[in-house]
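Before any comments, here is the structure.
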Amino acid sequence: MEIEIDINDDMPIFSQLVNQVKDSVIKGELATGFSLPSIRQLANELGVNQNTVAKAYKVLERDSIIVARGYRGTFIHDNAKENCQVNLKDKGLTIMREAIGSVQALGLTDSEIRIIFSSLMKQSK
Amino acid sequence: MTFLNSHLMTVIVYIAVISQIFTISIIFANKWYKRKTFLLEKYSPENYPNLYVQSSATEHKRMKFRRVADRIIASLSFALVLFFLLTQTDLETVASSILAIAIIQLVPWALSRYWSKENDLLMAKNFPSTKRKSSFQNRIITDFVSPAKLIIAVLSYGITVMFAVYIFIEQVWGEQSSKALSLILINTLMVSYLAWLLFNSLYGKKKDNFITSDDRLNLIAGKCQEITSYLTMYSAFIFGICLINTFDLSQVYISVLAGLFVQLIFVFSLTKTTEINYEVYKQD
């Protein structure tokens, strides 16, 4: 299987990597347990910064598409195919919509909601 | 002490130095030149512009320079050997010239290597597309080199170090026994350097973005096997030096061993050529 990125594309390189891995998992080109190349190897092959590849791997791990097993390497997750169907952004949007609906029902204005949201984001850092 | 009679030793030394001159400056230099000529003719700069970063004139000039340099060095080296023969120079002097001649013979090769590296950098810079491809396959050394070969390389280093440590502890070489530690250091430095080269071959930066993934893997495989062979050969060479000193043999043997070692490196690195698909270098 080959990975291809376009360094001049509007889409960030790490997103291109994430999307291609997810597409390959859905198509069955990357099976469960497949060993991914190391961050250094992939970065050097594509001529990109190691942090870019690390970011892509982090996103894939967050979405449970891949699993890192320390010195043994990084592998395709057992449930990668199912997890590819889950869109975290859509999920996040649904939860936020419900939360905002609940807060608006209390009678708070839009600016009050924005202030609360900003302060919560600062605290979570 | 010698364990061969002096006439036989003289023959061996002269054969070693003459074969070295032939191997490095004639046989393999001609092989290099023929290969470059073949590539230039079959894959001309006009039809395969992406294969060459230098102009055709520059390539030809460099090849001509190389050829002349190799011939001059070979001629001068043979002249020196003839001088030694005619003046019946002592064997130690003849033997010690083996390494000196090897260093001079390697200069044109080092220059070609420098030009090649310069071309690689320019090629990487001039790659016309913004797209980058990579095989999405994890690479480990055993994909390209058999575990047995790797074990032999590690064992040969281990045995050499243990032998040198034994020499030092038991003071086998008397007052000179501390030299064994220097040999361990030299061996370790060289082995570390080769291990780094091996690592770099597997995971280093991709210099040529035109090459196909399959061809790249074949080149990596060739390089890994070559370097693993060097690891074993170099440790064996150091082991040989330890043996020569342990049996108190003449230093002439070390020079002969060094000459043979250099020739073996050439045989290992330049006998095989990995063919790649050159069509990728055609103009888009």
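The listed protein sequences correspond, in order, to chains A and B.
The first sequence begins at 604 in our numbering and counts up one residue at a time.
The second sequence begins at 794 in our numbering and counts up one residue at a time.
Every residue, glycine too, gets a C-beta built ideally from N, C-alpha and C.
In terms of Cβ geometry, B:D1001 and B:I1069 do not form a close pair [threshold 7 Å]. Using a CB distance cut-off of 7 Å, A:R643 counts as an interface residue toward chain B. In the DSSP assignment, A:E701 falls within the alpha helix (DSSP H) that extends over L691 to A708.
Exclusion of the five residues before and after B:L987 leaves I1020, Y1023, L1024 and Y1027 as the residues of its chain whose Cβ lies within less than 8 Å of its Cβ. Interface annotation for the region 914 to 944 of chain B against chain A: T923, K924, R925, K926, S927, S928, F929, Q930, N931 and R932, criterion Cβ-Cβ distance under 7 Å. One Cα belongs to B:Q898, the other to A:M614, and the distance between them is close to 53 Å.
A direct Cα-Cα distance of roughly 21 Å separates B:E911 from B:V861. At a beta-carbon threshold of 9 Å, none of the residues of chain A lie near B:G1015; the nearest stands roughly 18 Å away. In this chain, the beta strand (DSSP E) harbouring A:F678 covers T677 to I679. In the three-state reduction of the DSSP assignment, A:V670 falls in the strand class, which pools E and B. The region 938 to 1010 of chain B is shown to contain whole alpha helix (DSSP H) runs of 4 or more residues at 940 to 962 and 972 to 996, in chain order. According to DSSP, residue pairing for B:R855 in a beta bridge does not occur. Between A:I716 and A:V706, the C-beta gap is smaller than 7 Å, which places the two residues in contact.
For B:S928, the secondary structure class from DSSP, reduced to helix, strand or coil, is strand. For the options B:S799, B:S818 and B:I811, the alpha carbon positioned closest to that of B:L1063 is the one of B:S818.
Burial is judged here by how many other beta carbons sit within 10 angstroms of a residue's own beta carbon; B:G1052 has at least 16 and is buried. Closest in alpha carbon position to B:K829, among B:L873, B:S909 and B:F1059, is B:S909. Residue contact check for B:G951 against chain A: no CB pair falls below 7 Å.
Between the region 958 to 973 of chain B and the region 870 to 886 of chain B there are fewer than three inter-stretch CB-CB distances shorter than 8 Å, so the stretches are not counted as touching. Note that the C-beta distance between B:V965 and B:T851 is not below 7 Å.
Taking 8 Å as the upper bound on Cβ-Cβ separation, chain A lies near residues L995, Y996, G997, K998, K999, N1002 and S1006 of the region 994 to 1007 of chain B. Separation of B:Q813 and B:P901 (C-alpha to C-alpha, rounded to the nearest whole angstrom) is 15 Å. For A:P615, no CB of chain B lies under 7 Å from its own CB, so it is not counted at the interface with that chain. Taking a Cβ-Cβ cut-off of 8 Å, the neighbours of A:N647 in chain B comprise Y996, G997, K998 and K999, given in sequence order.
Cβ-Cβ distances below 8 Å link B:S1006 to K926, S927 and S928 in the same chain, with the five nearest sequence neighbours on each side left out; the list follows chain order.
For the pair of segments examined, the region 622 to 639 of chain A was found to touch the region 678 to 695 of chain A: the number of CB pairs separated by less than 8 Å reaches three. Counting C-beta pairs closer than 8 Å gives three or more between the region 933 to 946 of chain B and the region 1012 to 1019 of chain B, which meets the contact rule.
Residue contact with chain B for A:I608: present (Cβ-Cβ distance below 7 Å to some residue of chain B).
The beta carbon of B:V1073 is closer than 7 Å to those of F1003, I1004 and T1005 in its chain, skipping five residues each way along the sequence. Rounded to the nearest angstrom, the Cβ distance from B:F1061 to B:F1030 is 13 Å, too far for a contact under 8 Å.
Using a Cβ-Cβ cut-off of 7 Å, A:G704 is close to nothing in chain B; its nearest Cβ partner there is about 43 Å away. Looking at the backbone, the Cα of A:S667 and that of A:M724 are separated by about 24 Å. Fewer than three Cβ pairs drawn from the region 977 to 995 of chain B and the region 618 to 632 of chain A lie within less than 8 Å of each other, which leaves the two stretches out of contact.
A:E664 is outside the set of residues whose beta carbon lies under 7 Å from a beta carbon in chain B.
Within a 10 Å sphere around the beta-carbon of A:N654 sit fewer than 16 other beta-carbons, which makes this residue exposed. B:Y907 is classed as exposed because its beta carbon has fewer than 16 other beta carbons within 10 Å across all chains shown.
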